[in-house]
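What follows is a short report on a single structure.
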Amino acid sequence: MHFWLFKSEPKTFSIDNLKKQPQQTTCWDGVRNYQARNFMRTMQVGDRGFFYHSNANPPGIVGIVEVVKTAHPDFTAWDMHSPHYDADSTPEHPRWFMVDVRLVEKFDRCITLDAIKQHSQLRSMQVARKGNRLSITPVTPAEWQTVLTLDNPRSDRSSR
DNA sequence: GCCAACGTTGGC
DNA sequence: GCCAACGTTGGC
Numbered sequence: 566m567h568f569w570l571f572k573s574e575p576k577t578f579s580i581d582n583l584k585k586q587p588q589q590t591t592c593w594d595g596v597r598n599y600q601a602r603n604f605m606r607t608m609q610v611g612d613r614g615f616f617y618h619s620n621a622n623p624p625g626i627v628g629i630v631e632v633v634k635t636a637h638p639d640f641t642a643w644d645m646h647s648p649h650y651d652a653d654s655t656p657e658h659p660r661w662f663m664v665d666v667r668l669v670e671k672f673d674r675c676i677t678l679d680a681i682k683q684h685s686q687l688r689s690m691q692v693a694r695k696g697n698r699l700s701i702t703p704v705t706p707a708e709w710q711t712v713l714t715l716d717n718p719r720s721d722r723s724s725r
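Position one of the first sequence corresponds to residue 566 (this note's numbering), numbered consecutively onward.
Below, the structure is given as structure tokens:
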């Protein structure tokens with residue numbers, strides 16, 4: 566299993582929107598970048614991802630999702646009324662794909678981009694790099710674990 | 001609203 | 001195949 570980071574602008578689709586979906590599940594449509602698409606095509610059911618709010622105040626990681634369906638054609642690409650319409654993608658030859666994700670957990674508080682950049686173990690995360698624009702990025706197991714300790718700072722003194 | 005960084009497009 | 005122009009992303 567692998568770890569990922571999914572970006573979304575909360576004005577478009579927030580973690581609270583996901584929470585309200587049936588089964589708290591959504592198809593991650595609208596990705597129109599080849600590198601991000603290729604990452605999605607490698608995802609397996611059971612892979613986990615951070616839900617990241619971009620263009621937010623503050624930007625940061627707000628929760629965890631789980632891949633529940635592997636990549637399948639993004640039908641919004643052939644919907645002329647969709648903002649993500651792409652005339653070069655057809656049902657016969659789909660160009661864009663999406664995975665389905667289910668909400669696992671919404672964090673009590675946002676792990677802000679600022680906190681990520683401040684953290685010696687996290688500042689190398691792709692999302693923290695200057696000029697990063699990829700909406701789907703891989704996360705290493707070490708980064709994953711470190712973010713989880715930030716979500717629950719007391720986990721390292723769980724005896725009390 | 002600004003603008004740096006990046007990906008894509010299209011003329012040549 | 002090069003690269004300038006353009007559109008988009010996303011932090012600030």
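A virtual CB, placed ideally from N, CA and C, is assigned to each residue, including glycine.
- Taken atom to atom, the span from the alpha-carbon of E574 to that of D581 is near 12 Å.
- P587 sits in a helix when the DSSP states are folded into three classes.
- Beta-bridge partners assigned by DSSP to G614: W569 and V630.
- In the three-state scheme derived from DSSP, where H, G and I count as helix and E and B as strand, L699 is classed as coil.
- Assigned with DSSP and collapsed to three states, T635 falls in strand.
- Short of 7 Å from the beta carbon of V633, and not among the five residues preceding or following it, lie these beta carbons of its own chain, in chain order: T590, V610, D665, V666 and R667.
- Looking at the DSSP output, V704 sits in a beta bridge with F568.
- Per the coordinates, the alpha-carbon of I676 lies some 22 Å from the alpha-carbon of W593.
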